Structure formats: C-alpha cells, structure tokens
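J.: In the numbering used here, the protein residues as written are 104 to 295.
(1) To the nearest angstrom, report how far apart residue 270 and residue 276 are at their CA atoms.
(2) What number of angstroms, rounded off, separates the C-alpha of residue 173 from the C-alpha of residue 207?
(3) For residue 232, which option in 255, 279, 214 and 249 has the closest C-alpha, if you only look at C-alpha atoms?
(4) Please state the DSSP three-state secondary structure of residue 198.
(5) Buried or exposed: residue 210, going by 16 or more other Cβ atoms within 10 Å of its Cβ?
(6) Mind checking which residues open and close the alpha helix (DSSP H) that includes residue 154?
(7) How far does the alpha helix (DSSP H) with residue 281 in it reach, from first residue to last?
(8) Would you call the region 277-284 in contact with the region 172-191, where contact means no fewer than 3 C-beta pairs closer than 8 Å?
(9) Since residue 196 and residue 170 should fall inside the 8 Å C-beta cutoff, what is the C-beta to C-beta distance between them, to a whole number of angstroms?
(10) Which residues in the same chain have their Cβ closer than 8 Å to the Cβ of residue 244, if we skip the five residues on either side of it in sequence?
(11) Taking the straight line between their C-alpha atoms, what separation do you get for residue 114 and residue 274?
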C-alpha cells in the first residue's frame with residue numbers, strides 16, 4: 104500500500120501552505136483529506152475550487168450536504184461519510200433522520216429530498232447514464248436544470264475526494280469521529 108502524508112502547515116509544499124492556512128481559518132482545523140491533497144498544490148487547489156463552486160450552487164446547504172453524503176456512501180468512502188454527516192447535522196442543520204437515512208441507503212421522509220438523494224445514488228451507480236424518466240422525476244420534484252448540473256458538480260467533486268480516500272486511507276479527524284462509518288466494500292477489486 105502506498106503511504107500518503109497527512110501534511111501540516113510545516114510539512115506541506117510551499118504552494119499548498121496558504122491554501123491550508125485558509126482552510127484552517129474556515130474550519131478551525133485542517134480536515135485530513137485536505138492535508139493529504141496538499142501533497143499536490145494543484146490537487147488541493149482543484150479540490151477547493153470544486154468545493155467553493157458547489158457551495159455557491161442554488162441547492163440549500165442541507166441539500167448540498169445530503170448530496171455529498173449520498174455520493175460518499177455510494178462510493179464507500181469512510182472519511183467523507185463521517186465528514187459530511189457531521190457537517191450536515193451541525194453546520195447545515197439537516198434533520199438527523201435525513202442523515203441516517205442517507206447513510207443507510209434508505210428513503211428519506213421528505214419527498215423532495217428523497218428524490219434528490221435517490222437521483223444522486225443513481226448518477227453514481229449508473230456512472231451518469233440515468234434514464235430520461237429519472238431526470239424527469241428530479242425535475243418534477245421541483246428541481247431545475249441548473250440544479251441538475253450543480254448536482255453533477257457535487258458528484259464530480261465528491262468522486263475526486265472519495266477516490267483520494269480510497270488511495271490514501273485518510274484517518275478521521277477527531278472532529279468527525281462521532282460519525283465514523285464503515286464501508287461496505289473493504290477490499291479493492293482484484294483484476295486478474
């Protein structure tokens with residue numbers, strides 16, 4: 104297994120340090136996933152750019168977090184499931200039952216949010232090849248074509264983050280430990 108460094112402000116490449124400083128000011132700590140991204144200033148900058156763009160979407164903060172959580176569950180990413188569960192509950196003020204249902208792959212009691220989370224799961228599981236009926240259901244629930252594209256932005260962002268966690272096995276920050284989650288697929292797929 105390849106070992107990745109969870110960088111600090113002192114160990115990060117010089118070009119990553121100002122970005123990490125900004126993250127620390129925003130969160131009060133540096134999430135370990137960003138500390139791993141710091142190995143490559145370009146990767147860290149790209150991750151932050153996608154995250155910033157997704158945060159500016161017209162989806163509510165709770166919708167953004169539930170979408171990010173749904174991608175992370177579908178992609179079996181322990182770090183991101185814990186992080187987005189924490190952020191959804193404490194910063195986005197999402198109903199804990201919505202978070203629990205999303206983590207479990209179950210239906211959400213809120214019909215519109217259930218359509219969002221289901222659509223995100225379908226996008227990930229079907230690698231973007233969703234049926235016209237699935238898109239129509241998303242739009243009929245009250246979402247817009249712009250939000251369809253914003254959901255795709257979130258899926259792209261989280262897939263990059265999730266796959267980084269798969270490669271780096273990023274340790275949880277203590278701030279996320281209360282929402283620790285175990286992936287359903289623990290082992291890499293073997294190709295013969």
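Glycine included, each C-beta is placed from N, C-alpha and C at the ideal position. Here the structure is a predicted model, which is why all the values come from computation and not from measurement.
T.: Well, looking at it:
(1) Their backbone Cα atoms lie some 17 Å apart in a straight line.
(2) Approximately 10 Å between the Cα atoms of the pair.
(3) Here the closest residue by C-alpha is 255.
(4) In the structure shown, residue 198 sits in coil (DSSP, three-state: anything other than H, G, I, E or B).
(5) Result: exposed.
(6) Looking at the DSSP string, the run of the alpha helix (DSSP H) that includes residue 154 is 144-158.
(7) No alpha helix (DSSP H) holds residue 281; DSSP gives it neither H nor E.
(8) The region 277-284 is in contact with the region 172-191.
(9) Under the criterion of beta carbons closer than 8 Å, residue 196 and residue 170 do not qualify as touching, at roughly 16 Å.
(10) Cβ neighbours of residue 244 beyond the five flanking positions: 214, 215, 218 and 219.
(11) C-alpha of residue 114 to C-alpha of residue 274: approximately 17 Å in a straight line.
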